[in-house]
């Protein structure tokens with residue numbers, strides 16, 4: 002009996018040591034450099050995004066409300082979640098553990114920011130999806146600034162409900178900010194799984210799929226239309242040739258009665274060949290023009306409606322890629338297992354939670370890669386900040402931004 006007890010105790014100690022080593026190595030070799038990098042890039046990037054959105058003047062007000070909201074929430078998430086994790090990993094200081102008030106305020110507000118940022122991105126996705134499906138409804142009353150502010154206010158109030166377990170059932174127990182029992186912990190993770198996970202991911206995935214499918218259909222339609230136009234240009238130019246009914250063999254088989262006529266016909270042949278060459282040149286010029294129109298249409302499709310669509314698609318893909326691991330873990334602890342080692346839980350939770358910060362620190366990159374117009378306005382903004390010389394920007398006939406420095 003004592004031998005079996007000692008064996009079980011040794012196995013427990015071995016598992017406990019392994020889980021402790023995992024968590025310690027995560028903090029020592031990963032989070033200790035990952036968190037400062039993410040926080041620094043995130044702070045610089047969100048400040049850049051705010052300056053860009055305010056000074057670029059390339060967005061309408063019904064788009065700025067969502068983009069600025071996402072930038073502000075990203076900055077606050079890094080301030081609340083990122084700095085909290087950094088203090089805990091670097092200096093072994095957990096501001097949540099000082100008293101119940103700090104525990105409740107920090108857990109509630111940080112989780113509310115994660116919810117709020119996700120739903121602001123969802124509302125932007127729904128708006129873009131609506132405009133892609135119904136492009137003539139740009140000035141619809143449903144998309145007016147007052148209505149959008151109303152939607153934002155309603156969503157902001159409703160998002161208080163999923164975080165109510167934090168102010169009601171979390172407190173400092175034995176020096177740690179934790180829920181009062183395991184059932185409350187599972188309730189909070191279940192709320193995160195449903196309201197922060199399934200609903201936003203479903204909305205973003207659906208809107209992303211609809212937008213991509215619609216843009217692909219437009220792309221195929223425009224390409225098919227331009228290709229048919231190229232074919233029509235070929236046929237029109239060929240039918241307009243003055244001697245197109247003669248083939249090369251017919252020209253070679255013509256009989257001439259006198260030398261003078263041969264001389265005249267030779268000149269006529271040369272003039273005909275010149276006509277054919279000139280018409281071929283006109284066809285090639287038309288081809289080049291049509292190809293340039295094709296490239297221009299491709300550019301318009303790619304950066305349609307003020308270039309927000311590719312930016313939104315990149316943000317949605319990154320959000321889904323950064324949060325799905327934590328959502329799978331929440332589903333695992335709620336529906337599969339009844340108990341998990343505390344150190345294993347801390348290892349997985351901090352690993353997956355830290356990866357969620359990627360969504361907040363890299364959104365600014367997509368402003369630079371989502372379209373040429375974004376990059377042009379970024380150059381203009383940087384020149385205006387770093388250079389005291391006067392800069393003037395204007396758009397050419399192709400829709401590209403031209404920057405002149407005086």
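Numbering (our numbering), first residue to last: 2 to 407.
C-beta atoms are modelled at their ideal positions from N, C-alpha and C, and glycine is treated no differently.
Going by DSSP, residue 178 is part of the beta strand (DSSP E) stretching over 177–180. In this structure, the alpha-carbon of residue 161 lies about 7 Å from that of residue 113.
Taken in chain order, the complete alpha helix (DSSP H) segments of 4 residues or longer contained in the stretch 141–225 are 146–159, 166–170, 183–192. Cβ neighbours of residue 345 within its own chain (closer than 6 Å, five residues either side excluded): 20. By the Cβ rule, the stretch 120–129 does not count as touching the stretch 78–98, because fewer than three pairs are nearer than 8 Å. When the five nearest sequence neighbours on each side are left out, the beta carbons in the same chain lying within less than 6 Å of the beta carbon of residue 111 are those of 81, 82, in order along the chain. Here residue 214 is exposed, its C-beta having fewer than 16 other C-beta atoms within 10 Å. Comparing alpha-carbon positions, the option among 361, 49, 211 lying closest to residue 133 turns out to be 211. Where residue 28 is concerned, there is no enclosing alpha helix (DSSP H), because DSSP gives it neither an H nor an E.
Residue range 84–91 is occupied by the alpha helix (DSSP H) that includes residue 86.
Annotation for residue 354: 82, 86, 327 place their beta carbon closer than 8 Å to its own, counting only its chain and skipping 5 residues before and after. With contacts defined by Cβ atoms closer than 9 Å, residue 177 and residue 95 form a contacting pair.
Taking a cut-off of 8 Å for Cβ pairs, the stretch 184–200 and the stretch 321–341 touch, as three or more such pairs fall below it. C-alpha of residue 23 to C-alpha of residue 348: approximately 7 Å in a straight line. The distance from the Cβ of residue 129 to that of residue 313 is about 5 Å, consistent with a contact at the 8 Å cut-off.
Burial is judged here by how many other beta carbons sit within 10 angstroms of a residue's own beta carbon; residue 50 has at least 16 and is buried. Between residue 72 and residue 317, the C-beta spacing is not below 9 Å.
If you check the CB distance, residue 149 and residue 362 do not come in under 9 Å.
Here the C-alpha atom of residue 89 lies approximately 16 Å from the C-alpha atom of residue 100.
Annotation for residue 168: 105, 109 place their beta carbon closer than 6 Å to its own, counting only its chain and skipping 5 residues before and after. Per DSSP, the unbroken alpha helix (DSSP H) holding residue 124 starts and ends at 101–134. Judged by DSSP secondary structure, residue 80 falls outside any alpha helix (DSSP H); it is assigned neither H nor E. Taking every protein chain shown into account, the CB of residue 29 has fewer than 16 other CB atoms within 10 angstroms, so this residue is exposed. Residue 348 sits in a helix when the DSSP states are folded into three classes. Residue environment analysis places residue 63 among the buried positions, since at least 16 neighbouring C-beta atoms fall within 10 angstroms of its C-beta.
Taking the CA atoms as reference points, residue 116 sits about 13 Å from residue 153. Residue 325 sits in a helix when the DSSP states are folded into three classes.
In the structure shown, residue 56 falls within a helical segment according to DSSP collapsed to helix, strand and coil.
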